[in-house]
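Trainee: Okay, handing you the structure first.
Residue numbers (this note's numbering), protein chains in the order written: chain A, 147 to 389; chain B, 16 to 115.
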């Protein structure tokens, strides 16, 4: 990790994975507070709000769900956008073979924490062991922060201010950029990133929330096709390797 | 508020997460290597960054988040520690909103 050489006594931990997981957790906690406030204001009880954070545990979907219901959209109006936003977690799961590991109960538990931040932290590492550690530690920090923050917000109610006043809405794009950067190894990954951003921007005004993010995965298709083509050529040149 | 919306949301959210993990495990090693599915996360993260920075709902919006992202980009390029990147982005957006 690039940050390793900058360790000093001020930082609470010398391990960059721990440090990064904790900082994501702190930012998440503040967002969780605003979810708690929003959810109670939308008419959910404190217990219902906390159950959502514990069991649903996918921030963007929960915020959308509560805000649509709070605005009088009803469950039929709130569920589809919430599920479209949750759909990307299925894409993430596909990429996490080997990272979501252990016995069946452990994998079932780890599946619950397959979300943006855990997936991005895992793939920002280079070895499988580091990916697993980053995934688990980020999940632990996020799960704790998201649920404690939700409880605080649900109990406190409104009057805590808007997360935007503290610039917190700018934190997540910055965090995702920091997690994306180490994955941009080579021009193919770069092209996939640009394609994903362009697909999302092209769709954002014309499709429901969530669709642009899921559709952006198509930006990886040229790279995937190129990698199968390269492999086929390699196999044809070395017939003993198969085919 | 009745419980069924909460239960429906929770069940569907977990089903989506588990579906991806189960399908991912079903892939044999050769297929997984051939497709190097990790790359799928790259365009999705890029999409999250631009959507969360430049849009509100279904509209394009240029506000304090844009300079905050630029500050973050410079710090990422300079390989600044993660905490510094997150704090600098928040401070940039918060200060701009205070001043403007």
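Ideal Cβ placement from N, Cα and C applies to all residues, glycine included.
(1) For residue 204 of chain A, write down the residues that DSSP places opposite it in a beta bridge.
(2) From this set, A:223, A:382 and A:200, which residue's C-alpha is nearest residue 210 of chain A's C-alpha?
(3) Reducing DSSP to helix, strand and coil, say where residue 331 of chain A ends up.
(4) Using a C-beta to C-beta distance shorter than 8 Å, which residues of chain A count as neighbours of residue 76 of chain B?
(5) At a Cβ threshold of 8 Å, is residue 235 of chain A touching chain B?
(6) By DSSP, does residue 290 of chain A sit in helix, in strand, or in coil?
(7) Closest to residue 218 of chain A by CA distance: which of A:318, A:320, A:337 and A:185 is it?
(8) Which residues of chain B have a Cβ atom closer than 7 Å to the Cβ of residue 318 of chain A, listed in chain order?
(9) In whole angstroms, give me the CA-to-CA distance for residue 275 of chain A and residue 89 of chain B.
(10) Who are the neighbours of residue 60 of chain B on chain A, taking C-beta pairs under 7 Å?
(11) Measure the alpha-carbon distance for residue 364 of chain A versus residue 342 of chain A and round it to whole angstroms.
(12) Quick test of your reading: residue 264 of chain A and residue 285 of chain A, contact by CB under 8 Å. State the CB separation rounded to the nearest angstrom.
(13) Beta carbon of residue 174 of chain A, beta carbon of residue 295 of chain A: below 8 Å?
(14) Spell out whether any CB of chain A is found under 8 Å from the CB atom of residue 42 of chain B.
(15) For residue 362 of chain A, would you say it is in contact with chain B, using Cβ-to-Cβ distances shorter than 8 Å as the test?
(16) Which class does residue 74 of chain B belong to by DSSP, given the choice of helix, strand or coil?
(17) Any C-beta of chain A sitting closer than 8 Å to the C-beta of residue 114 of chain B?
(18) With a threshold of 8 Å between beta-carbons, can residue 85 of chain B be considered close to chain A, or not?
(19) With C-beta atoms as the reference, is residue 105 of chain B less than 8 Å away from residue 238 of chain A?
(20) Any beta carbon from chain B within less than 8 Å of residue 243 of chain A's own beta carbon?
(21) Under 8 Å, Cβ to Cβ, is there at least one residue of chain B near residue 127 of chain A?
(22) Alpha carbon to alpha carbon, how far is residue 383 of chain A from residue 255 of chain A? Give it in angstroms, no decimals.
(23) List the residues of chain B whose Cβ lies closer than 8 Å to the Cβ of residue 165 of chain A, in chain order.
(24) Counting contacts by CB-CB distance shorter than 8 Å, is residue 89 of chain B in contact with chain A?
(25) Which residue marks the beginning of the alpha helix (DSSP H) containing residue 233 of chain A, and which one marks its end?
(26) Would residue 202 of chain A count as contacting chain B if we go by Cβ distances under 8 Å?
(27) Quick check: is the beta carbon of residue 272 of chain A nearer than 8 Å to any beta carbon in chain B?
(28) Which word fits residue 262 of chain A, buried or exposed, when buried means at least 16 other C-beta atoms lie within 10 angstroms of its C-beta?
(29) Do residue 72 of chain B and residue 240 of chain A have their CB atoms nearer than 8 Å?
Mentor: This is what the structure holds:
(1) Note: residue 204 of chain A sits in no beta bridge, so no partner.
(2) A:223
(3) coil
(4) Near residue 76 of chain B there are no residues of chain A at all, since even the closest Cβ is about 11 Å away, more than 8 Å.
(5) yes
(6) helix
(7) A:185
(8) 67
(9) 30 Å
(10) 266, 322, 325 and 326
(11) 7 Å
(12) 5 Å
(13) yes
(14) yes
(15) yes
(16) strand
(17) no
(18) no
(19) no
(20) yes
(21) This structure gives no information on residue 127 of chain A, because the portion of chain A shown stretches from 147 to 389.
(22) 44 Å
(23) 96, 97 and 98
(24) no
(25) 220 to 241
(26) yes
(27) no
(28) buried
(29) no
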